[in-house]
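A short write-up of the structure that comes next.
Now the structure itself:
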């Protein structure tokens, strides 16, 4: 509410509005109470119940926005950059995974060759020592 232009803070005052402003506030409160009573009267009438449901424009707007969200994904530079980033990261991950797989396979092959070499070397050594 708008304060009076000539009012000075007084801690003993209960209201800072003028009497006209207080009367306007009370009048608006009476109108709100009358509208609430009319709503309750219509909504709770057992002989003439409301048909359907109450319509709230804000909820309708929210539901419509949720249903048509795909329409907001129109091609734009920002959406292209997002798609490039996601697809680029996925492609890079696939390339790194493939190269790591190749490196692991080569390391395993080398390890097996060395293990076979040491095994044959040890058996030949043992054979020559005891024979």
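Numbering (my numbering), first residue to last: 1387 to 1517.
Note that CB positions come from ideal geometry on N, CA and C, so glycine has one too.
Contact between residue 1459 and residue 1465 holds: their C-beta atoms lie close to 7 Å from each other, under 8 Å. For the pair residue 1420 and residue 1426, the Cα-to-Cα distance works out to about 10 Å. Runs of the alpha helix (DSSP H) spanning 4 or more residues and lying entirely within the stretch 1443 to 1480 occur at 1443 to 1453, in chain order.
Look at residue 1403 here: in three-state DSSP terms it is coil, with no helix or strand label.
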